[in-house]
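The next block holds one structure in the form of structure tokens; read it before the comments.
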Amino acid sequence: MKPTLLVLAAGMGSRYGGLKQLDGLGPHGETIMDYSVAYAIEAGYGKVVFVIRKSMEADFCKHILSKYKDRIPVEYVFQELDVLPAGFAVNPERVKPYGTAHAILVAKDAVKEPFTVINADDFYGRDAFMVMSKFLQGEQDAAHPCFAMVGYKLQNTLSENGSVSRGVCTANEKGQLVGIKEHTHIERKDGLIQNTSADGEVTVLQGDTPVSMNFWGFTPLFFEKLDAMFCQFLKENNDNPKSEFQIPTVINYFLQSKAADIVILKSDAQWFGVTYQADREYVVQRLKEI
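The sequence shown begins at 1195 in the numbering used here and counts up by one.
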């Protein structure tokens, strides 16, 4: 069964200052999503599903969807505040959607096959799609599913224009993920890569440390757990208008419950993205080289 590519494209892009998902950064006006879709087609993916906001629909259909419709089956779904399970209402003070795990959940009716989750505004490299496609098309133990993530070297994911947040991964001897710790202020300083915590504690990190850049591979079982977990999240957090239901929360559930193994896939791909407006020039130059 050919896997599906699920592209999370509903983000606000607040630090960048605009809808960076629609920014033409390539030498002929290509968006970063154009590269992801092209690599997915090469790697044997059978469908692409985009998660967007209703306010983006017209621009998305005009500038993005029209490029792909003759190359690969494409669908899109909406991540909105009111896309909630029965019995729940939106907190009137909430402004932003509920986070990346909620973005995956809204696609459950459009995705019935093994699937890859990526961010729309991140460049992941051709090899990442190849290794993930091979994994997702392999045999699975229905009684004990196995998910995957592509692990990137921390040194290949930094911005020269500010600090970044990264999920730093630890693995066991089998190459399986055993934990992710979010570091929210990583930067190069004095020749070192270091994270500064909220209380000012500085931790030096190695350049080859594997980090998660939200390149995940799941089976449809993932949706079943998401449903139950999102309901529990709303029960506990709906009074907080800034609370978010994020992918790492769900991943940690699978790690702690041992309901699934999560393999860290090795890849030679290099990641880059536009976190800040100042990153744009660097990305444009890299895409010219590619």
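For every residue, glycine included, the Cβ atom is placed at its ideal position computed from N, Cα and C.
By the 16-neighbour rule on beta-carbons within 10 angstroms, Leu1386 is exposed.
Inter-residue distance for Ala1295 and Phe1439 is about 6 angstroms (C-alpha atoms, whole angstroms).
Along the length of the region 1430-1480, whole beta strand (DSSP E) runs at least 3 residues long occupy 1455-1459, reported in chain order. For Thr1294, the uninterrupted alpha helix (DSSP H) segment begins and ends at 1294-1299. Runs of the beta strand (DSSP E) lying entirely within the region 1344-1410, each at least 3 residues long, are 1358-1365, 1371-1383, 1386-1390, 1396-1399 in chain order.
Counting along the chain, the unbroken alpha helix (DSSP H) around Lys1328 starts and ends at 1320-1330. Note on geometry: alpha-carbon atoms of Met1343 and Val1372 lie some 12 angstroms from one another. In the structure shown, Ile1235 falls within a helical segment according to DSSP collapsed to helix, strand and coil. Sequence-distant partners of Glu1354 (beyond 5 residues in either direction) whose C-beta falls short of 6 angstroms from its own C-beta are missing from its chain. Taken in chain order, the unbroken stretches of beta strand (DSSP E) that lie wholly in the region 1247-1303 and span 3 residues or more are 1268-1272. Around the beta carbon of Gln1273, a 10 Å sphere encloses 16 or more other beta carbons of the protein chains shown; the residue is thus reported as buried. Around the CB of Thr1225, 16 or more other CB atoms lie within 10 Å, so the residue is classed as buried.
Per DSSP, the beta bridge partners of Lys1241 are Thr1198. Excluding sequence positions up to five before and after Phe1323, its CB lies within less than 6 angstroms of the CB of Tyr1233, Ala1234, Ala1237, all in the same chain and listed in chain order.
In this structure Ile1312 is buried. Its beta-carbon is surrounded by 16 or more other beta-carbon atoms within 10 angstroms. When DSSP states are grouped into helix, strand and coil, Ile1226 belongs to the helix group.
Annotation: Lys1261 to Val1201 spans about 15 angstroms, alpha carbon to alpha carbon.
For Asp1421, the secondary structure class from DSSP, reduced to helix, strand or coil, is helix. Counting only residues of its own chain and dropping the five nearest sequence neighbours on each side, Glu1287 has a CB closer than 7 angstroms to the CB of Pro1435.
Taking 8 angstroms as the cut-off, the Cβ atoms of Phe1309 and Tyr1270 do not count as close. The residues Val1405, Met1407, Trp1465, in chain order, have a CB closer than 6 angstroms to that of Tyr1346 in the same chain once the five nearest residues on each side in sequence are set aside. The beta-bridge partner set that DSSP reports for Ala1342 consists of Gly1411, Val1457. Taking every protein chain shown into account, the CB of His1338 has fewer than 16 other CB atoms within 10 angstroms, so this residue is exposed. DSSP lists Val1201 as the beta-bridge partner residues of Ile1312. Counting only the Cα atoms, Glu1307 lies some 10 angstroms from Gly1240.
Contact annotation: Ile1246 and Cys1363 have beta-carbon atoms that are not nearer than 8 angstroms. The beta carbon of Thr1443 sits closer than 7 angstroms to the beta carbons of Ala1295 from its chain, once the five residues preceding and following it are set aside; these are given in chain order.
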